[in-house]
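There are 2 protein chains.
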Amino acid sequence: MLTPCDTGFVARLGAVLPEGTLGVPEARHLEEPRGRMVGQAGAIARPRTTDEVARIVRACGDARVGIVPLGGGTGLVGGQIMGQGPAPLLLSLDRMCALRGIWPDENAMVVEAGMVLADVQTEAARVGRLFPLGLASEGSCRIGGNLAANAGGTAVLRYGNARDLCLGLEAVLPDGTVFDGLTRLRKDNAGYDLRHLLIGSEGTLGVITAASLRLFPQPAARVVAMLAVPSPGAALELLGLVGQRVAGLVSGFELMSRMGFDFLAQTMPALRPPLDPVPEWQVLLELELPEGLDPEATMAGLYDAASRAGLVTDGVIATSQAQAAGLWELREAIPLANRKIGAVSSHDISLPLSAIPGFIATAPAAIADLGVFRVNCFGHLGDGNLHWNVFPARGKGRADHEAVRDAVKTRVHDMVHALGGSVAAEHGVGRLKVADLQRYADPGKLAAMRAIKAALDPNGIMNPGAVLAQT
Amino acid sequence: MLTPCDTGFVARLGAVLPEGTLGVPEARHLEEPRGRMVGQAGAIARPRTTDEVARIVRACGDARVGIVPLGGGTGLVGGQIMGQGPAPLLLSLDRMCALRGIWPDENAMVVEAGMVLADVQTEAARVGRLFPLGLASEGSCRIGGNLAANAGGTAVLRYGNARDLCLGLEAVLPDGTVFDGLTRLRKDNAGYDLRHLLIGSEGTLGVITAASLRLFPQPAARVVAMLAVPSPGAALELLGLVGQRVAGLVSGFELMSRMGFDFLAQTMPALRPPLDPVPEWQVLLELELPEGLDPEATMAGLYDAASRAGLVTDGVIATSQAQAAGLWELREAIPLANRKIGAVSSHDISLPLSAIPGFIATAPAAIADLGVFRVNCFGHLGDGNLHWNVFPARGKGRADHEAVRDAVKTRVHDMVHALGGSVAAEHGVGRLKVADLQRYADPGKLAAMRAIKAALDPNGIMNPGAVLAQT
Chain F
2 MLTPCDTGFV ARLGAVLPEG TLGVPEARHL EEPRGRMVGQ AGAIARPRTT DEVARIVRAC
62 GDARVGIVPL GGGTGLVGGQ IMGQGPAPLL LSLDRMCALR GIWPDENAMV VEAGMVLADV
122 QTEAARVGRL FPLGLASEGS CRIGGNLAAN AGGTAVLRYG NARDLCLGLE AVLPDGTVFD
182 GLTRLRKDNA GYDLRHLLIG SEGTLGVITA ASLRLFPQPA ARVVAMLAVP SPGAALELLG
242 LVGQRVAGLV SGFELMSRMG FDFLAQTMPA LRPPLDPVPE WQVLLELELP EGLDPEATMA
302 GLYDAASRAG LVTDGVIATS QAQAAGLWEL REAIPLANRK IGAVSSHDIS LPLSAIPGFI
362 ATAPAAIADL GVFRVNCFGH LGDGNLHWNV FPARGKGRAD HEAVRDAVKT RVHDMVHALG
422 GSVAAEHGVG RLKVADLQRY ADPGKLAAMR AIKAALDPNG IMNPGAVLAQ T
Chain C
2 MLTPCDTGFV ARLGAVLPEG TLGVPEARHL EEPRGRMVGQ AGAIARPRTT DEVARIVRAC
62 GDARVGIVPL GGGTGLVGGQ IMGQGPAPLL LSLDRMCALR GIWPDENAMV VEAGMVLADV
122 QTEAARVGRL FPLGLASEGS CRIGGNLAAN AGGTAVLRYG NARDLCLGLE AVLPDGTVFD
182 GLTRLRKDNA GYDLRHLLIG SEGTLGVITA ASLRLFPQPA ARVVAMLAVP SPGAALELLG
242 LVGQRVAGLV SGFELMSRMG FDFLAQTMPA LRPPLDPVPE WQVLLELELP EGLDPEATMA
302 GLYDAASRAG LVTDGVIATS QAQAAGLWEL REAIPLANRK IGAVSSHDIS LPLSAIPGFI
362 ATAPAAIADL GVFRVNCFGH LGDGNLHWNV FPARGKGRAD HEAVRDAVKT RVHDMVHALG
422 GSVAAEHGVG RLKVADLQRY ADPGKLAAMR AIKAALDPNG IMNPGAVLAQ T
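Residue numbers (our numbering), protein chains in the order written: chain F, 2 to 472; chain C, 2 to 472.
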């Protein structure tokens, strides 16, 4: 049973921390990006060192006060938003954003958890290296949160998810122990992989305080194209063709439906689509090339082969960095346009690749009796990760469909689950999908998760109510 | 407290299993490749289905009988060899070797745990795909064991360790629950990652019964060279140069010392070295190339650049597949030569890349007072993973140094640990390195490991005494 973070606890905790570590949470600490959930907290702690984090966690454990770790606050599933239960302590990592070390020859760097993702990218670029994790929120999300949530993004196809970019972690475990696992090793089979257990556990098994990250050489060249494809199935065939010819060099393969461009035209008319009329389906294809392959010629060769196979019907190859950035800007503006339109229900799903065309073809019919909707389907097709978002018809608003939102979600999630997919593909479970996890997860997995949570956090102080319902 | 797998238990277990599932272990089931450890077991179970595995695990749990999972039996650290304690049940997966499904368009396949690694490779190749895990023992090791031990091998630089090649697992947990996690998804953040917890846990948290594996397109071409390098430091600079120019295309980067070739000359004189005289240090470099890059021209370009930079002094580029295979054969014969010579002590270590030249230069002096030794240093330099093996002087034998073996190991391991390295890089902990893990592991990690083991396997039946000492 947890107790609230009240003034008495704050006073006692303040006595073991440097002046100014504790404060009153501001509204921005309790909000999430879409403004759909509001949190509460008795206080906010902003420690400067791992030792201070450990002292905070120990004090919370002794007093049975819940802790909600806070990175950049950009999570979309409420992992950082605790609206119910005894008021927790917010534990912000925003003062722990140092670069602890960088080893270009080893392709490795060690950063503190509070470093903003864009700063991680910049520090890597400063020594001629690439840190490939890239997301729409990279200007404000923080690497500790990216790892706690195992963030995905646009470069997963080539470089993997956040977990694949992490060589080691430092974390404070729920009993206040510091796990010092900041290795720079590529191979280490000395015991269970706590790193991978903590990554993706969304702050429920400990607080990540620093990470050792993999860097990569900068590619000799990048080339981007926007391609019209006849169908999602053709897009998948194109992915196969490209993978066969330039294995390992595909760094982006994003599917976009015409609805996304309609939304852009409606909300951000200054962004001009490269193909006119806008095709029903488009793929943004990016390659990262080694020395010796001419970017435009390589892309043109792929285009010709795909065109002969009937897999692309039109397209534009960026001939400058500015043009390439412009194509990516369209892709990255789609989530912003979605927010302006206001979704009835958003779905962050993944599917086995071969199930995708069938899902896209049949899912709208599965919710047709619940209302007249517009669907914007887009996402990281190369990873089987779609954002399949349901919007009101023109002239209607999100509020007009309040009554059916849960039904829409359940229909879509049931379909995804039946096809062997995941309803929490890259955004995680947070608090929004706790019931989904309960409904869809393998029972053996759920039981093992509960056993692990109880073993490492017997008092349930770490991010209470996230991922697993409190018992 | 465990009880032995005695005739009474075998009779009771046999009653709930199909005829012929249980048998008497043969000598080969209780041996390990180097003949240095001998196991014991009350019986061997050879189930045909996951359900049979679950029945066996439940019965063992009820009776408190230990289970030692057995794959191909090729592990080098005794994870499959229980020599002490109440006789366990050996649980062989050798009858569960089916291909459950293969999806070339998804680059995925699902296989049972007992499939021999070479057969996994063959099944992938049959549909034009690559399964890149490759090890010396691939003709007899089994994929379940590879995953339980998180095997490494020669292609880690490009494709990662075994864990990076696994999309999902099916496993029987210590309470007999079947964890059904055979997803083919590339992104799935629905809860804790049990897959990564089981991988590398060496059978102490459950029995892997099947795996969903990542496949890759076959590269358009491969090219292999054997290069003389002035020093290990130059080899690392060469790795950087190659990575910069053909980022992502390096699939092998193996360092070999002249001692390895001396051993080959002594034990397998039919194998002829490509460079004469044999250089002090050589690198076997393999590239996997996309369409559009000429193999020999690309390698020659790298050679010229490296030569101008003083990083290679001589070399040979294979101009046929047979020549390439011949170069790899030399590398793969070195462990066999080592066995024929007979090591005083073998060390499977990894180091931060920048610490490697210093280690190689100073480690021999650190053991010089313990005897006159020959050191054969070779391995996967691109991963920072060295096999630094200590041999008797010519004319002496392994037995002449029995008294100092432990001291040699401790000196070497202490050095590796002080440099931030791992003493269990790719072979795991097994039973051979339980004390090392105890000595070198982060205390917070060890405590968390014990808590997880106790939570998932409270009776301690799964591979007793492996990885963690029995309490």
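Using N, Cα and C, we set each Cβ at its ideal position, and we do this for glycine too.
CB of residue i within 8 Å of CB of residue j, strictly
{"i": "T205/C", "j": "K446/C", "result": "no"}
{"i": "V117/C", "j": "G140/C", "result": "yes"}
{"i": "R127/C", "j": "V111/C", "result": "no"}
{"i": "F260/F", "j": "Q283/F", "result": "The question names Phe, but residue 260/F in the sequence shown is Met. Contact flag unset, no."}
{"i": "E289/C", "j": "T320/C", "result": "no"}
{"i": "N339/F", "j": "N386/F", "result": "no"}
{"i": "L242/C", "j": "A307/C", "result": "yes"}
{"i": "A149/F", "j": "E203/F", "result": "yes"}
{"i": "S213/F", "j": "L183/F", "result": "yes"}
{"i": "T51/C", "j": "V173/C", "result": "yes"}
{"i": "A46/C", "j": "T22/C", "result": "yes"}
{"i": "F392/F", "j": "F374/F", "result": "yes"}
{"i": "M450/C", "j": "G293/F", "result": "no"}
{"i": "R56/F", "j": "L18/F", "result": "yes"}
{"i": "L136/F", "j": "A152/F", "result": "yes"}
{"i": "D458/C", "j": "P231/C", "result": "no"}
{"i": "P5/F", "j": "P87/F", "result": "yes"}
{"i": "D315/C", "j": "F180/F", "result": "no"}
{"i": "P275/C", "j": "L328/C", "result": "yes"}
{"i": "A235/C", "j": "L312/C", "result": "yes"}
{"i": "P233/F", "j": "G244/C", "result": "no"}
{"i": "V251/C", "j": "R309/C", "result": "no"}
{"i": "R59/F", "j": "G207/F", "result": "no"}
{"i": "D384/C", "j": "V157/C", "result": "yes"}
{"i": "A196/F", "j": "L228/F", "result": "The residue you asked about is not Ala; residue 196/F is Arg in the sequence shown. Not a contact, by the Cβ cut-off of 8 Å."}
{"i": "G201/C", "j": "D194/F", "result": "yes"}
{"i": "A456/F", "j": "A456/C", "result": "yes"}
{"i": "L286/F", "j": "F254/F", "result": "yes"}
Counterpart residues of residue i in DSSP-defined beta bridges
{"i": "Q283/F", "result": "A229/F, M257/F"}
{"i": "L131/F", "result": "F217/F"}
{"i": "I57/F", "result": "Bridge partners of I57/F: none, in fact."}
{"i": "M110/F", "result": "I103/F, L214/F"}
{"i": "V424/C", "result": "DSSP output for V424/C lists no bridge partner at all."}
{"i": "V373/F", "result": "Bridge partners of V373/F: none, in fact."}
{"i": "E289/F", "result": "R223/F"}
{"i": "M463/F", "result": "I68/F"}
{"i": "V179/C", "result": "V173/C"}
{"i": "I473/F", "result": "No answer is possible for residue 473/F: the residues shown for chain F start at 2 and end at 472."}
{"i": "H381/C", "result": "N386/C"}
{"i": "F392/C", "result": "R375/C"}
{"i": "A44/F", "result": "L90/F"}
{"i": "E1/F", "result": "Past the boundaries of the shown model lies residue 1/F; chain F is included only from 2 to 472, so the question cannot be answered."}
{"i": "R143/F", "result": "V117/F"}
Near the ligand SAH: residue i beta-carbon under 7 Å from a heavy atom
{"i": "A338/C", "result": "What this structure holds is no ligand at all, so the ligand SAH is not there to describe."}
(message) Output needed in chain order: residues of the segment 90 to 108 of chain C with a Cβ under 7 Å from some Cβ in chain F.
(response) W104, D106, E107
(request) Specify whether the segment 351 to 366 of chain C and the segment 168 to 187 of chain F touch according to this definition: at least 3 beta carbon pairs, one from each stretch, less than 8 Å apart. (result) Two segments are said to touch when three or more pairs of C-beta atoms, one from each, lie closer than 8 Å; by this definition the segment 351 to 366 of chain C touches the segment 168 to 187 of chain F.
(request) May I ask you to verify whether the segment 392 to 409 of chain F touches the segment 428 to 444 of chain F, counting CB pairs closer than 8 Å and requiring at least 3? (result) Contact between the segment 392 to 409 of chain F and the segment 428 to 444 of chain F is absent, with fewer than three C-beta pairs closer than 8 Å.
(message) Could you check whether the segment 80 to 99 of chain C touches the segment 13 to 33 of chain C, counting it as contact only if at least three pairs of C-beta atoms, one from each stretch, sit closer than 8 Å?
(response) yes
(message) Extract the residue ranges of the beta strand (DSSP E) inside the segment 297 to 359 of chain C, only unbroken runs of 3 or more that lie entirely within it.
(response) List check, beta strand (DSSP E) in window: 315 to 318, 349 to 351.
(request) Taking a Cβ distance cut-off of 9 Å, strictly less, list which residues of the segment 213 to 244 of chain F are near chain C, in chain order. (result) F217, P218, Q219, P220, A221, L237, E238, L240, G241, G244
(request) Could you tell me whether the segment 407 to 421 of chain F touches the segment 261 to 280 of chain F, using the rule of 3 or more Cβ pairs below 8 Å? (result) Counting Cβ pairs under 8 Å, fewer than three are found: no touch.
(message) If the cut-off is 7 Å on Cβ atoms, which residues from the segment 151 to 163 of chain F count as contacting chain C, listed in chain order?
(response) Near chain C, meaning a CB-to-CB distance below 7 Å, the residues of the segment 151 to 163 of chain F are N151, G153, V157, N162.
(request) Using a Cβ-Cβ cut-off of less than 7 Å, list which residues of the segment 429 to 440 of chain F approach chain C; keep chain order. (result) Taking 7 Å as the Cβ-Cβ cut-off against chain C, the residues of the segment 429 to 440 of chain F that qualify are G429, V430, L438.
(request) Scan the segment 262 to 291 of chain F for residues whose Cβ lies nearer than 8 Å to a Cβ of chain C and list them as they occur along the chain. (result) E289, P291
(request) Quick one: which residues of the segment 442 to 458 of chain F get their C-beta closer than 7 Å to a C-beta of chain C? List them in chain order. (result) A442, D443, G445, K446, A448, A449, M450, A452, I453, A455, A456, L457
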